[in-house]
Amino acid sequence: MSFRGEQIVSRAIRTPEVLGCARCLRDDVVDKMRRVWAPGDGIALVDRLMHRARPMEADADGWEQVQNAARRFRAPLTAIFARIEDGTLRAGQHPSIEGYGGIFIATAEVERLFRHPQHVGLAPSAFGVGVKTKGAIQSLIDQGYMSVTASASKGIATLNMRGSAFGPAHLLRRTKVAVMSDSGLIDFAEAFWPADQHERGFQPEPGCSEPTFVGSAADIAFFASSFFNFAASALRKGGDSKATACFVRAPHDDGSMSSHVVPLCQPSVHVEAHHGYRVHLSHRAKSAIDSEIKSNAPTGSAKDETGGILLGEIDDALGIISIDAATGPPPDSKKSPELFECGIEGTHALCAFHAKESGNSTKFVGVWHTHPVSMPRPSMVDLRAMAQILHLQEKTPRHVVMLIVGHAATRPSWRFHLFRRNEFQVVTLAVEESVDE
Ligand SMILES: [Zn+2]
Numbered sequence: 001m002s003f004r005g006e007q008i009v010s011r012a013i014r015t016p017e018v019l020g021c022a023r024c025l026r027d028d029v030v031d032k033m034r035r036v037w038a039p040g041d042g043i044a045l046v047d048r049l050m051h052r053a054r055p056m057e058a059d060a061d062g063w064e065q066v067q068n069a070a071r072r073f074r075a076p077l078t079a080i081f082a083r084i085e086d087g088t089l090r091a092g093q094h095p096s097i098e099g100y101g102g103i104f105i106a107t108a109e110v111e112r113l114f115r116h117p118q119h120v121g122l123a124p125s126a127f128g129v130g131v132k133t134k135g136a137i138q139s140l141i142d143q144g145y146m147s148v149t150a151s152a153s154k155g156i157a158t159l160n161m162r163g164s165a166f167g168p169a170h171l172l173r174r175t176k177v178a179v180m181s182d183s184g185l186i187d188f189a190e191a192f193w194p195a196d197q198h199e200r201g202f203q204p205e206p207g208c209s210e211p212t213f214v215g216s217a218a219d220i221a222f223f224a225s226s227f228f229n230f231a232a233s234a235l236r237k238g239g240d241s242k243a244t245a246c247f248v249r250a251p252h253d254d255g256s257m258s259s260h261v262v263p264l265c266q267p268s269v270h271v272e273a274h275h276g277y278r279v280h281l282s283h284r285a286k287s288a289i290d291s292e293i294k295s296n297a298p299t300g301s302a303k304d305e306t307g308g309i310l311l312g313e314i315d316d317a318l319g320i321i322s323i324d325a326a327t328g329p330p331p332d333s334k335k336s337p338e339l340f341e342c343g344i345e346g347t348h349a350l351c352a353f354h355a356k357e358s359g360n361s362t363k364f365v366g367v368w369h370t371h372p373v374s375m376p377r378p379s380m381v382d383l384r385a386m387a388q389i390l391h392l393q394e395k396t397p398r399h400v401v402m403l404i405v406g407h408a409a410t411r412p413s414w415r416f417h418l419f420r421r422n423e424f425q426v427v428t429l430a431v432e433e434s435v436d437e
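Under the numbering used here, the very last position in the sequence shown is 437; numbers go up by exactly one each time.
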């Protein structure tokens, strides 16, 4: 408000020390300012509010006293009064409470009007997200993850919301995969997941007994508060992303400081048929398989089996199979209604490319193929192919995944099977058929 041509904050006028004669002060002040602190004005205000208030039931749900609502939602009283007076906030008159205490307002409307913090800053936003959204702060502490480089030049924080498919370790893996495929984050890839050791080694080796962090408490405070604000704003905004990673570069010698927020796509989750592993199938892999199945119909016959290879990582400790990418059939594959024989041409180079691009996180994990008109159950041919991969080649993997898309021509149903090398016994049969290890 302004007083005698000068902008002033209202708090100053409540305890004023204003010089002037009584007459000209009165001329200046009366009708120009609302003195809610004066008893007369207070009574007039209550009258105006009561005039707006509609009679209500004594114990109606969803209503509360003005003072309580103001405190709970950190809403300024003057703003609440203004909303009642301009009709945007409904007021009710309690049947048995007289005066100001009998004026109730609709909780849901107060929440809608005032829920978002009115001020920018750490404490109000923390208050807003922590108290209002049912333990969001707790989940931030439980599931948030922050790491900072030894020189405190870069930091990564991740936020995993309720309903996300990721556990902490897997969230970190997903962050790595996202960093590796983003050319704008090369410096983070080098700092957090280096291919080679850049720093000179020293004795004793870096470990818990040897401090390697050379930043200061101020650096940590910088990252902690940056990430806290990132998390608070992500929680406040909501949005579709259930998991998000935030990358922050600290101001350093060159003076640049920047941050990137990257949503981490949720995988579709399947349960593997034999061992109960959770399969996290990336959107990219799923659409590659879907489009190969679709394009198989016009180019060949919908009755022909098709397939390709699966790339990702198997984590036995977590019981999770991550499928990051899938390919269509290599050029030397053979398709027929009874059989898909996955070729090998170009697969070695392809696997090497993915392994390099992902910092060795996306590797060959198995194969996929369709059963156009039958169940997604491994046939004898399929089992023989698994035995072949697990036992009868030069470098055999410990386990391999086989995805079968059953009834692919009509109602595709996806089933993952994990086969371990020790689940196949090599039996030497007498006479014609003999298999050497
Ligand atoms: Zn099959």
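We put the CB at the ideal spot given by N, CA and C, even for glycine.
Computed from a predicted model, the values in this text were never measured in an experiment.
Check: Please report the distance separating the alpha-carbon of residue 427 from that of residue 390.; Outcome: 14 Å
Check: For the alpha helix (DSSP H) containing residue 350, list its first residue and its last residue.; Outcome: 347-357
Check: Give the DSSP bridge partners of residue 414, in chain order.; Outcome: 405
Check: By a C-beta neighbour count over all protein chains shown, 10 Å radius and 16 as the cutoff for buried, is residue 117 buried or exposed?; Outcome: With a pLDDT of 43 at residue 117, under the threshold of 50, the modelled position of that residue is not reliable, and the figure given next carries that caveat. Label assigned to residue 117: buried.
Check: So if DSSP puts residue 265 in a beta bridge, which residue, or which two residues, is it bridged to?; Outcome: According to DSSP, residue 265 bridges with nothing at all.
Check: What do you get for residue 154, buried or exposed, if any count of 16 or more other CB atoms within 10 angstroms of its CB means buried?; Outcome: buried
Check: Run the proximity test for residue 381: is its beta-carbon closer than 7 Å to any non-hydrogen atom belonging to ligand 1?; Outcome: yes
Check: How about residue 369: is its Cβ closer than 7 Å to a heavy atom in ligand 1?; Outcome: yes
Check: Compare the Cα-Cα distances from residue 110 to each of 102, 95, 94, 74 and report the closest residue.; Outcome: 74
Check: Could you work out which residue in 305, 64, 161 is closest to residue 237 when comparing CA atoms only?; Outcome: 161
Check: Classify residue 429 as buried or exposed, calling it buried when 16 or more other Cβ atoms lie within 10 Å of its own Cβ.; Outcome: exposed
Check: Look up residue 148 in the DSSP assignment and say whether it is helix, strand or coil.; Outcome: strand
Check: Please determine, among 345, 280, 167, the residue with the shortest C-alpha to C-alpha distance to residue 308.; Outcome: 345
Check: By how many angstroms is the C-alpha of residue 235 removed from the C-alpha of residue 130?; Outcome: Caution applies to residue 130, whose pLDDT of 39 falls short of 50 and renders its modelled position unreliable; the value that the coordinates give is listed next. Taking the straight line from one Cα to the other gives about 9 Å.
Check: Go to residue 391, then tell me how far its alpha helix (DSSP H) extends in each direction, as first and last residue.; Outcome: 380-391
Check: DSSP three-state call for residue 228: helix, strand or coil?; Outcome: helix
Check: Under the three-state reduction of DSSP, which class applies to residue 159: helix, strand or coil?; Outcome: strand
Check: Pull the bridge partners of residue 309 from the DSSP assignment, please.; Outcome: 367
Check: Can you check DSSP and say which residues form a bridge with residue 243?; Outcome: 160
Check: Taking DSSP's pairing of strands, which residues face residue 322 in a bridge?; Outcome: 280, 313
Check: Mapping DSSP to helix, strand and coil, what is residue 340?; Outcome: strand
Check: Out of 101, 404, 163, 100, state which residue places its alpha-carbon closest to the alpha-carbon of residue 289.; Outcome: 404
Check: Check whether the stretch 309-323 touches the stretch 370-386, taking contact to mean three or more Cβ pairs, one atom from each stretch, closer than 8 Å.; Outcome: no
Check: Under a Cβ-count criterion, where at least 16 other Cβ atoms within 10 Å of its own Cβ denotes burial, should residue 102 be classed as buried or exposed?; Outcome: buried
Check: Just to confirm the assignment, what range does the alpha helix (DSSP H) spanning residue 111 have?; Outcome: 107-114
Check: If I'm right that residue 85 touches residue 54 with Cβ under 8 Å, what's the distance once you round it to whole angstroms?; Outcome: Not quite, the Cβ-Cβ distance comes to about 14 Å (not below 8 Å), so this is no contact.
Check: When burial is assigned at 16 or more other CB atoms within 10 Å of the CB, is residue 230 buried or exposed?; Outcome: buried
Check: Spatial neighbours of residue 274 within its chain, please: C-beta separation below 8 Å, excluding the five flanking residues on both sides.; Outcome: 417, 418, 419
Check: Can you confirm whether the stretch 238-252 touches the stretch 360-378 when touching is taken to mean that 3 or more C-beta pairs between the two stretches lie within less than 8 Å?; Outcome: no
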